[in-house]
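**Q**
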Amino acid sequence: MADYLVIVESPAKAKTIGKYLGKKYIVKASMGHVRDLPKSQMGVDTTNQYEPKYITIRGKGPVLKELKTAAKKVKKIYLAADPDREGEAIAWHLAHSLDIDEDSDCRVVFNEITKAAIKDAFKHPRPINMDLVDAQQARRILDRLVGYNISPLLWKKVKKGLSAGRVQSIAVKMIIEREKEIKEFVPEEYWSIKGSFLYGKESFEAKFYGQDGKKLELNSEEDVQNVLKKLKGEEFLIDSVKKRERRRNPVLPFTTSSLQQEAARKLNFRAKKTMMIAQQLYEGIDIGKEGTIGLITYMRTDSTRISDTAKEETKQYIQDTYGKEYIGGGKKSQKKDSKSQDAHEAVRPTSVLKDPKTIKQYLSRDQFRLYKLIWERLVASEMAPAVMDTMTVDLTNEGVIFRATGSKVKFPGFMKVYVEGNDDGKKEEDKFLPDLKEGETVKKEELEPNQHFTQPPPRYTEARLVRTMEELGIGRPSTYAPTLDTIQRRGYVALEDKRFVPTELGEIVLELIVEFFPEILDVEFTAKMENDLDFIEEGREDWIRIIDTFYQDFEKRLTVAEEEMKEVEIKDEPAGEDCEKCGHEMVYKMGRYGKFMACSNFPDCRNTKAIVKDIGVKCPSCKEGNIVERKSKKRRTFYGCDRYPECEFVSWDKPISRPCPKCEGLLVEKKTKKGVHVQCAECDYKEEPN
Numbered sequence: 105m106a107d108y109l110v111i112v113e114s115p116a117k118a119k120t121i122g123k124y125l126g127k128k129y130i131v132k133a134s135m136g137h138v139r140d141l142p143k144s145q146m147g148v149d150t151t152n153q154y155e156p157k158y159i160t161i162r163g164k165g166p167v168l169k170e171l172k173t174a175a176k177k178v179k180k181i182y183l184a185a186d187p188d189r190e191g192e193a194i195a196w197h198l199a200h201s202l203d204i205d206e207d208s209d210c211r212v213v214f215n216e217i218t219k220a221a222i223k224d225a226f227k228h229p230r231p232i233n234m235d236l237v238d239a240q241q242a243r244r245i246l247d248r249l250v251g252y253n254i255s256p257l258l259w260k261k262v263k264k265g266l267s268a269g270r271v272q273s274i275a276v277k278m279i280i281e282r283e284k285e286i287k288e289f290v291p292e293e294y295w296s297i298k299g300s301f302l303y304g305k306e307s308f309e310a311k312f313y314g315q316d317g318k319k320l321e322l323n324s325e326e327d328v329q330n331v332l333k334k335l336k337g338e339e340f341l342i343d344s345v346k347k348r349e350r351r352r353n354p355v356l357p358f359t360t361s362s363l364q365q366e367a368a369r370k371l372n373f374r375a376k377k378t379m380m381i382a383q384q385l386y387e388g389i390d391i392g393k394e395g396t397i398g399l400i401t402y403m404r405t406d407s408t409r410i411s412d413t414a415k416e417e418t419k420q421y422i423q424d425t426y427g428k429e430y431i432g433g434g435k436k437s438q439k440k441d442s443k444s445q446d447a448h449e450a451v452r453p454t455s456v457l458k459d460p461k462t463i464k465q466y467l468s469r470d471q472f473r474l475y476k477l478i479w480e481r482l483v484a485s486e487m488a489p490a491v492m493d494t495m496t497v498d499l500t501n502e503g504v505i506f507r508a509t510g511s512k513v514k515f516p517g518f519m520k521v522y523v524e525g526n527d528d529g530k531k532e533e534d535k536f537l538p539d540l541k542e543g544e545t546v547k548k549e550e551l552e553p554n555q556h557f558t559q560p561p562p563r564y565t566e567a568r569l570v571r572t573m574e575e576l577g578i579g580r581p582s583t584y585a586p587t588l589d590t591i592q593r594r595g596y597v598a599l600e601d602k603r604f605v606p607t608e609l610g611e612i613v614l615e616l617i618v619e620f621f622p623e624i625l626d627v628e629f630t631a632k633m634e635n636d637l638d639f640i641e642e643g644r645e646d647w648i649r650i651i652d653t654f655y656q657d658f659e660k661r662l663t664v665a666e667e668e669m670k671e672v673e674i675k676d677e678p679a680g681e682d683c684e685k686c687g688h689e690m691v692y693k694m695g696r697y698g699k700f701m702a703c704s705n706f707p708d709c710r711n712t713k714a715i716v717k718d719i720g721v722k723c724p725s726c727k728e729g730n731i732v733e734r735k736s737k738k739r740r741t742f743y744g745c746d747r748y749p750e751c752e753f754v755s756w757d758k759p760i761s762r763p764c765p766k767c768e769g770l771l772v773e774k775k776t777k778k779g780v781h782v783q784c785a786e787c788d789y790k791e792e793p794n
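See below:
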């Protein structure tokens, strides 16, 4: 019979830990929280120091019964939920349900699920940390007070099923404000002149920089013509050549936020998917002879530090694999952000010796890709800086300056393993220049003026929104993914081409919250609230005082809103066609994945249709139909003939209207990491990316 019962959250985690502890331990899963505030009522007594009313979560009765039965047969119970506020709260609720003294050494925490970490953790059990529990309770109660008071108001005044929350409302506000910026943006004209020059037999490019030693902006075609009129002859003097060596330092290991951003850029993962796969890697994967083992450290963290053991192991791996010159010199440090809790290590592999290639066969495709990203980031973070040779050359003719820049990698350093992605998806490439010498001349081949217009700020991608929320101090590592998921499920925003677009519903709800609950949407107020929760965790603040300070003012605003908020009728927009089943008018509705068409005779007629977008291209297959944009079951955009199923033409790449100049075939827009380029679907014709 086992002497000890260990309770964790998930069966996968239980399986991995059970392997390390031996026969004296029985490991069971609570399947997350066992107690919570009731769904059917507020569950917070605002007249009695915000006392929460906890009940057993529906469906968790059998789980609790099994845990209680197992608890009677052992000498001691250990609570080994995740090492954060949520995990501490799960442990505390279990302690109450199983009559465990919270001041006893019942709590076990570890940052990685490996044999050494587990063995060490069980040597140092501790009491439940009530500061962590209070911080989690405070967030839960705050969100309940906001959600369960404002949501019924929105149901009454707007429509059923709406909700409002502290962090989600700020996220919606940011998306709506960005859309407003885009709509109000007035493009400004500007010009550039690109020049092609010849040095001996070598050709290179330079761009117009300025005149008479000063930088000059070209705001109109007239400015361009004035510059071109000044030039005389075909020769330009090489006026200056500046060469220097530039060092580029590696990025730090992943935090939750930077992992979500990079997985979006490089793997096209949504934040929710990234966290789901990271959870699998953390809880344990069966890798053959070694059995089930946790492959990464805990994935909810805002710290970039790594343990000395991991650091030394990584440096030894770098030396053995790439050579001593690739080891990073000195200790890299990041200034401690006041918003950072720094409670755990960065997200890293539990052992750098588990090279992604060696365990690829045991991982799913997505697990492998995410693990590889995390592994490469750690290795690169301990490598030497890259060294770049850069060259800046000024060419002059009658005081007109053209500037050429070039760079090449002298020593790759960390770039041999990993280079951080960027939001526009473009890769850095070497840009070579000839070995130009001051005082010599080059010959002009061609000067090409180009008209441009300034662009509005881009819509938020998931990665960009997470980064901005982090910078503003809105939310914490565990909240980013659920927040983005919630605002989409509620229909407040939709994703178009992987970018957030606000819906009419989102704009209406936000307008009401702005009018009656402005503090909910105040970035500084919300960031301060996050800091107050951190202070509760650190034992520097009382959770009841923090909630009371918020609620006293909030309750007054609630009373005003109940009396003064007007009902809003959201009318269905006519779709311009009749239902083919009953003849009633079709209208546009908003669903989880954006707009769709539905019969206005609902519920008597439940006919719905997807909205298809005609892209103005004739079908190349049947020559009769038009190509329309559609969505697959997984919400991926594809293009097909509107005569389907009579015509089965489909394409993942967007067709364009002009024919291939080489074979008269279908031209399509192909998206790559370098941008969008046009290529023929039938021959080898290809145009450069735009």
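At position 583 of the sequence shown the residue is numbered 687 (our numbering), and the sequence of numbers has no breaks.
Cβ atoms here follow ideal geometry from the backbone N, Cα and C, with glycine treated the same way.
Counting Cβ pairs closer than 8 Å, one from the stretch 150–168 and one from the stretch 178–187, do we hit at least three?
**A** No, the stretch 150–168 is not in contact with the stretch 178–187.
**Q** Is the beta carbon of valine 497 less than 8 Å from the beta carbon of valine 345?
**A** Against a cut-off of 8 Å, the Cβ pair of valine 345 and valine 497 comes out as a contact.
**Q** So, are the CB atoms of isoleucine 111 and leucine 171 less than 8 Å apart?
**A** Going by C-beta atoms, isoleucine 111 is nearer than 8 Å to leucine 171.
**Q** For a minimum of 4 consecutive residues, which ranges assigned as the alpha helix (DSSP H) are wholly contained in the stretch 509–593?
**A** Taking only runs of at least 4 residues, the alpha helix (DSSP H) segments lying wholly in the stretch 509–593 are 566–576, 584–593.
**Q** Return helix, strand or coil for tryptophan 295, following the three-state DSSP convention.
**A** It is a strand residue.
**Q** Using the rule of at least 16 other Cβ atoms within 10 Å of the residue's Cβ for burial, across every protein chain shown, is leucine 125 buried or exposed?
**A** That one is buried.
**Q** Does lysine 790 pass the burial test, meaning 16 or more other C-beta atoms within 10 Å, or should it be called exposed?
**A** Exposed is the call here.
**Q** Here's the rule: buried if 16 or more other CB atoms are within 10 angstroms of the residue's CB, otherwise exposed. What is leucine 457?
**A** Flag for leucine 457 reads exposed.
**Q** Take the Cβ of glutamate 752 as the centre, count every other Cβ of all protein chains shown within 10 Å, and call the residue buried at 16 or more, exposed below.
**A** Result: exposed.
**Q** In terms of residues, what are the limits of the beta strand (DSSP E) holding serine 102?
**A** Shown here, the chain extends from 105 to 794; a query on residue 102 therefore has no answer.
**Q** Quick check on glycine 517: buried or exposed, where buried means 16 or more other Cβ atoms within 10 Å of its Cβ?
**A** It counts as buried.
**Q** Run through DSSP, which three-state label would isoleucine 640 get?
**A** Looking at isoleucine 640 - three-state DSSP - the assignment turns out to be helix.
**Q** Give me the Cβ distance between phenylalanine 506 and phenylalanine 340, rounded to the nearest whole Å; I'm assuming they're in contact under 8 Å.
**A** Right, their Cβ atoms sit about 7 Å apart.
**Q** Whole-angstrom Cβ separation of glutamine 783 and valine 504, contact assumed at under 8 Å?
**A** So it is not a contact: roughly 38 Å between Cβ atoms.
**Q** Skipping 5 residues on each side, what residues in its chain have a beta carbon closer than 7 Å to that of serine 444?
**A** Bear in mind that a pLDDT of 45 at serine 444, under 50, signals an unreliable position, so the model cannot answer this.
**Q** If you compare alpha carbons, which of Glu673, Arg248, Leu551 is closest to lysine 333?
**A** Nearest option by C-alpha distance: Leu551.
**Q** Inspect the CB distances between the stretch 484–501 and the stretch 395–406 and report whether three or more fall short of 8 Å.
**A** The stretch 484–501 is not in contact with the stretch 395–406.
**Q** Determine the DSSP secondary structure at tyrosine 182, reduced to helix, strand or coil.
**A** Residue state, collapsed to three classes: strand.
**Q** Mapping the DSSP letters down to three states, classify tyrosine 252 as helix, strand or coil.
**A** If DSSP states are grouped into helix, strand and coil, tyrosine 252 belongs with the helices.
**Q** Name the two residues that bound the continuous alpha helix (DSSP H) containing glutamate 285.
**A** Here the alpha helix (DSSP H) through glutamate 285 covers 270–288.
**Q** Looking only at its chain, what residues have a beta carbon closer than 7 Å to the beta carbon of alanine 679, apart from the 5 residues adjacent to it on each side?
**A** Same-chain partners within the cutoff: Met690, Val691, Tyr692, Met701.
**Q** Once DSSP output is grouped into helix, strand and coil, what is the label at valine 672?
**A** In the structure shown, valine 672 sits in coil (DSSP, three-state: anything other than H, G, I, E or B).
**Q** Just how far apart, CA to CA, sit leucine 258 and isoleucine 612?
**A** Roughly 10 Å between the two C-alpha positions.
**Q** Assuming contact is defined by CB atoms lying nearer than 8 Å, are valine 597 and threonine 590 in contact in what I supplied?
**A** Not closer than 8 Å, so no.
**Q** With three or more beta-carbon pairs closer than 8 Å as the criterion, would you say the stretch 621–638 touches the stretch 571–586?
**A** Yes, they touch.
**Q** So, are the CB atoms of phenylalanine 373 and alanine 450 less than 8 Å apart?
**A** Not in contact: phenylalanine 373 and alanine 450 (Cβ atoms no closer than 8 Å).
**Q** Under DSSP, the alpha helix (DSSP H) around alanine 484 begins and ends at which residues?
**A** It spans 469–485 - the alpha helix (DSSP H) in which alanine 484 sits, taken as one unbroken run.
**Q** Please report the distance separating the alpha-carbon of valine 664 from that of phenylalanine 620.
**A** Their Cα atoms are separated by approximately 8 Å.
**Q** May I have the straight-line CA-CA distance separating arginine 162 from serine 273, to the nearest angstrom?
**A** Distance between the alpha carbons of arginine 162 and serine 273: 28 Å.
**Q** Given a cut-off of 8 Å on the beta-carbon distance, is the pair serine 114 and glutamate 387 in contact?
**A** For serine 114 and glutamate 387, yes; Cβs fall inside 8 Å.
**Q** Counting pairs of Cβ atoms below 8 Å between the stretch 553–563 and the stretch 226–242, do you hit three or more?
**A** At 8 Å Cβ cutoff, the stretches do not touch.
**Q** Between which two residues does the alpha helix (DSSP H) carrying leucine 609 extend?
**A** Leucine 609 -> alpha helix (DSSP H) spans 608–620.
**Q** Under the three-state reduction of DSSP, which class applies to lysine 346: helix, strand or coil?
**A** DSSP places lysine 346 in strand when its eight states are reduced to three.
**Q** Distance check for lysine 298 and valine 780, CA to CA, integer angstroms please.
**A** So the two alpha carbons sit approximately 21 Å from each other.
**Q** CB-CB under 8 Å to tyrosine 655, same chain, minus the five flanking residues each way: which ones, in chain order?
**A** Within the same chain, tyrosine 655 has close Cβ partners Thr150, Tyr154, Leu249.
**Q** For cysteine 686, which residues of its own chain have a beta-carbon under 6 Å away from its beta-carbon, when the five flanking residues on both sides are left out?
**A** Only Asn705, Cys709 meet the Cβ criterion.
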